[in-house]
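Some notes on the structure that comes next.
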Amino acid sequence: MNLLVIGGGGRENALVWKLSQSPMAEKIYAIPGNPGMEGMADIVDDIDVLDNAAVTEFAKSHDIGLAVVGPEAPLANGVVDALSKAGIKTFGPTKAAAEIEVSKAFSKMLMEKYGIPTAKYKVFSDIVSAREYVRQEGAPIVIKADGLAAGKGVTVAMTLDEALEALDIIMSDKTFGDAGSRVVIEEYMRGEEVSVLCFADGENAVQMVPSQDHKCAYDGDRGPNTGGMGTYAPAPVATPEIRQRVQEEIIDPVMEAMRKEGRPYKGCLYAGLMITDEGPKVVEFNARFGDPETQVVLPLLESDLVSIMLACIDGKLKEQEINWSKGAAVCVVMASGGYPKAYGKGYQIDGINDAISDNCLVFHAGTAKKDGKVVTNGGRVLGVVGRGAEIREAVDAAYAGVADISFKAEFHRNDIAHRALERL
Ligand code: AMP
Ligand code: GLY
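If you're matching positions, the sequence shown starts at 1 in this note's numbering and goes up one per residue.
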C-alpha cells in the first residue's frame, strides 16, 4: 500500500526509515518531508501540513492506505479527523483526543479527576494572582505556558526571582502568544525522567521500550530547555517493576479516562514521567511520538510498524505481536550554535555519508537542499543514532558518527546517556 507521513523533522525521518522496511509499503510520500528521506519517500513540500483539505485531497488522489501524523500542530488542527472522514486510515489521535497534549489545563484536570499521579498544580489567567500564588508556594516551582510552545514554554524555577521572571515572560511579554494567556503553576517533582511511548488503539495501550531525553542545551544538564538534545533507549531507570506500575497506575487509567470523556485515544501516547521516591508521576502527556525519542525507539523495534499502526487504527492491538531488540540505541543531536535562541542557517554540512554505517544512522531534523548540497535549516539539524548490543557500544557508535560530520557553528552534548553509563 501507499503510505503518507506528515511532518518534516528527525522524528518523521525515523518514521519513514522504519515504515520503508515494511513488506506492505509500496510508495511513501512525506509532507513536507526533508532531505534525509530521499531514496525512501517522495518529498511533497508544496502542501501546507495545516491545510486539512489539501492534505486530504493529496491522500485521496495518491491512494494512501495508511497516513501517519508526526507533529502536534496538525493533530491539534484536526488532520486525523479530516483524513478519517475521507476514509483514509490515519495513525494519530483525533483533535479531541490530542487535547491531552495541546491543553495542559485539560490534561491536569483529567489526571486529577481520574486519580493519575502527577504534580499538584493551579491554573491562572491573571498575573496578579499567579504572582501571589508563587510567592506563597516558594521555590523550587515550575511555571508552564498553557498551550503549545514547542517544549520551550516551561521554566523549572529554582529561585523565587526566576519564577516571577518566567511569569512576566509568559503573561506580560507574551513570548508564546496565545499559549501564554493561561499559566499552569506546578509543584516541583524530584527524580529521574523517562519517556514512555505507547501504541494505543482506543482501548488498550502497549508500552514501547523506555527512553530518556536530555532537554537541557549543555553538558551536565545545564543551560536552557530545548526540544531535546539527545536520547537513549532502553532507559534502565524504568525497571520491569516500574514499567508494571506505569501500566497499572498511569497508562491503563488514562486510556480509560479518555474513553469515559468521549475522546478514545488512538495513535502514539507519550507519557513523560518522573520516577520519584513515591513512584512514577506524570510530567506531561504528548499526543505523538517524541522527538528525538523516536530516533532511538524505532531502531529497536523488530516488528513491522505498518502492521502495528493498522492494528491501532482498527482497535486490534491485542492481536498484534510487538517484539523489541535486546540491544541499545543512542541519538546525539547536532545543533546550530545559538539554539534554542537565534541561530544561523544555510551552512553546508559535510561528512554525513562517512558517518553512516551498519551501526550508525543519520536522521535529518533541520536540513534543506541548496544547489544540490545539504545545508543547515533549523536549530536541531541532525540526529546521529548509534546502535549496539549494549549502551556503551551504542554511545561509542553515535559519537564516532558525530566525529565524521561537520558544519559551521555546530554544537552537541558530549554526555548523552550519562545516567545509563553511571549505572553500569
Ligand atoms: P514539559 O514541557 O511539561 O515536559 O516540561 C519540560 C521539562 O521541565 C520536563 O521534561 C521536566 O524536565 C521539567 N519539568 C516539568 N514539570 C516539572 C515538575 N513538576 N517538576 C520537575 N520538573 C518538571
Ligand atoms: N523530546 C520531547 C518531546 O518530544 O516532547
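All residues carry an ideal CB built from backbone N, CA and C; glycine is no exception. Values in this document were obtained by computation on a predicted structure and should not be read as measured data.
Work out the CA separation of residue j and residue i for me, nearest whole Å.
i, j, result
"V183", "G366", "30 angstroms"
"P140", "T226", "20 angstroms"
"N353", "Y114", "50 angstroms"
"D46", "H62", "15 angstroms"
"G92", "L75", "7 angstroms"
"V476", "E422", "With the chain running from 1 to 424 in the structure shown, residue 476 is simply not present."
"G230", "R380", "10 angstroms"
"K215", "G228", "4 angstroms"
"Y339", "A217", "8 angstroms"
"N52", "A59", "10 angstroms"
"S129", "A398", "48 angstroms"
"C459", "V55", "The structure shown does not extend to residue 459, since the chain is modelled only from 1 through 424, so no value can be given for it."
"I127", "I143", "12 angstroms"
"G344", "A409", "8 angstroms"
"V44", "L382", "20 angstroms"
"Q348", "P292", "22 angstroms"
"G372", "G337", "24 angstroms"
"A41", "A368", "15 angstroms"
"I169", "R131", "12 angstroms"
"N171", "A119", "A quick correction: the sequence has Met, not Asn, at residue 171. Distance between the alpha carbons of M171 and A119 is about 22 angstroms."
"G315", "V80", "16 angstroms"
"I185", "D358", "46 angstroms"
"F285", "S107", "7 angstroms"
"M37", "K370", "16 angstroms"
"D396", "D146", "39 angstroms"
"A311", "E249", "24 angstroms"
Would residue i and residue j be called neighbours here (beta carbons separated by less than 8 angstroms)?
i, j, result
"G386", "V362", "no"
"V16", "I31", "no"
"A335", "F407", "no"
"L110", "E261", "yes"
"I6", "G70", "yes"
"D173", "L317", "no"
"F199", "V209", "no"
"P280", "V246", "yes"
"A271", "I251", "yes"
"I405", "G351", "yes"
"D219", "N414", "yes"
"V297", "I416", "no"
"A67", "T90", "yes"
"E192", "R392", "no"
"Y121", "E57", "no"
"A394", "A329", "yes"
"V123", "A105", "yes"
"G290", "G327", "no"
"A97", "Q295", "no"
"A233", "L300", "yes"
"G138", "L160", "yes"
"V282", "I116", "yes"
Please indicate yes or no: does the CB of residue i lie closer than 7 angstroms to some heavy atom of ligand 2?
i, result
"P71", "no"
"D213", "yes"
"D291", "yes"
"G228", "yes"
"N286", "yes"
Tell me, to the nearest whole angstrom, how far the beta carbon of residue i is from that of residue j; I am working on the premise that it is less than 8 angstroms.
i, j, result
"E203", "M258", "About 10 angstroms separates the two Cβ atoms, so there is no contact after all."
"M158", "T276", "Contact flag wrong, Cβ pair sits at about 17 angstroms."
"L273", "V194", "5 angstroms"
"V196", "A238", "7 angstroms"
"M1", "G65", "3 angstroms"
"A287", "I100", "6 angstroms"
"L4", "A25", "That belief does not hold up - the Cβ atoms of L4 and A25 are roughly 11 angstroms apart, past 8 angstroms."
"S303", "E321", "6 angstroms"
Against chain C, with Cβ distances strictly below 8 angstroms, would residue i count as a contact?
i, result
"M229", "Of the chains in the structure shown, none is chain C; there is only one protein chain."
For ligand 1, is there a heavy atom less than 7 angstroms away from the beta-carbon of residue i?
i, result
"E186", "yes"
"G8", "no"
"E193", "yes"
"V142", "yes"
"M189", "yes"
"M111", "no"
"A271", "no"
"V297", "no"
"N225", "yes"
"A119", "yes"
"V237", "no"
"M274", "yes"
"V154", "yes"
"V55", "no"
"V395", "no"
"V209", "no"
"V254", "no"
"V283", "yes"
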